[in-house]
Amino acid sequence: MKGSTVLGIVVISVLLWNFALAADDDDKDPNIFTTENFKYFIETKQKYNWSEAATECENKKMNLVSIDTKAKSDDVKIILNEAFLNNKKRIPSMFIGANDLVEFRDFIWLPKGDVFTYTNWEKNEPNNYRKLNERCVHLGYHGDEKWNDINCARKLGFICEQLLNPEGGEAVPKV
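Under mature numbering (1 follows the signal peptide of the UniProt record, and there is no 0), residues -22 to -1, 1 to 153 are what the sequence shown spells out, in order.
Next comes the structure, spelled out in structure tokens:
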């Protein structure tokens, strides 16, 4: 073989090896959870305000999770159980992709701006407690998957999501 052909084979082999290793990274990342239709990323060690959390998700080609159906809520409950409850840990407070920043008490899911058709609020929520400008939504307030309104400037963990295509191939960002 010519030297350039051998070099080409080596370069292609190295690229394929790196691609295979990168594909396996999600399997090794304890913050990544995959269900039939979604890949989720859970961040609890670093704390961010709501806007920073949304940006962190976008940097991962993901969005803050939109829990817009009972089926999605069940999906999220499964990954929360896997991440926390199975390990005897309390579910921490984490931002999700909803707020009422456009119109007070009209909560929407971002990035699309879909209005709520499904809710999973804690009892007596949302309440804008003590008029503290609670305009964003998080879960885990009582160590469960129920929602609570909270000031967007608070620093919490967050959950990102990425839609997988129906064939189960590459992830397709919703952004």
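Positions of the beta carbon are idealized from the N, C-alpha and C atoms, including for glycine.
Minimum C-alpha distance to residue i - residue among the options
{"i": "residue 143", "options": "7, 16, 119", "result": "16"}
{"i": "residue 112", "options": "132, 121, 96", "result": "132"}
{"i": "residue 140", "options": "108, 62, 49, 39", "result": "39"}
{"i": "residue 69", "options": "7, 25, 18, 55", "result": "55"}
{"i": "residue 63", "options": "138, 118, 95", "result": "118"}
{"i": "residue 18", "options": "95, 57, 36", "result": "57"}
{"i": "residue 122", "options": "60, 95, 47, 75", "result": "60"}
{"i": "residue 46", "options": "96, 85, 10, 105", "result": "96"}
For residue i, the residue or residues it bridges with in DSSP
{"i": "residue 17", "result": "12, 140"}
{"i": "residue 75", "result": "Looking at the DSSP assignment, residue 75 forms no beta bridge with any residue, so it has no partner."}
{"i": "residue 45", "result": "Residue 45 is not bridged to any residue."}
{"i": "residue 135", "result": "72"}
{"i": "residue 112", "result": "129"}
Contacting residues, own chain, Cβ-Cβ under 6 Å from residue i (five flanking each side not counted)
{"i": "residue 99", "result": "125"}
{"i": "residue 129", "result": "110, 111, 112"}
{"i": "residue 76", "result": "85, 87, 115"}
{"i": "residue 33", "result": "none"}
Between the CA atoms of residue j and residue i - distance to the nearest angstrom
{"i": "residue 89", "j": "residue 66", "result": "33 Å"}
{"i": "residue 78", "j": "residue 41", "result": "17 Å"}
{"i": "residue 14", "j": "residue 120", "result": "28 Å"}
{"i": "residue 23", "j": "residue 12", "result": "20 Å"}
{"i": "residue 91", "j": "residue 108", "result": "27 Å"}
{"i": "residue 101", "j": "residue 83", "result": "16 Å"}
{"i": "residue 7", "j": "residue 49", "result": "25 Å"}
{"i": "residue 20", "j": "residue 10", "result": "7 Å"}
{"i": "residue 81", "j": "residue 26", "result": "23 Å"}
{"i": "residue 93", "j": "residue 52", "result": "19 Å"}
{"i": "residue 104", "j": "residue 71", "result": "15 Å"}
7 Å Cβ shell around residue i - same chain, five flanking residues per side excluded
{"i": "residue 73", "result": "28, 31, 42, 114, 116, 134, 136"}
{"i": "residue 106", "result": "112, 127"}
{"i": "residue 138", "result": "18, 19, 35, 38, 40, 41, 42, 43"}
Any non-hydrogen atom of the ligand MN within 8 Å of residue i CB
{"i": "residue 128", "result": "Judged by which ligands are present, the structure shown has none, so any question about the ligand MN falls away."}
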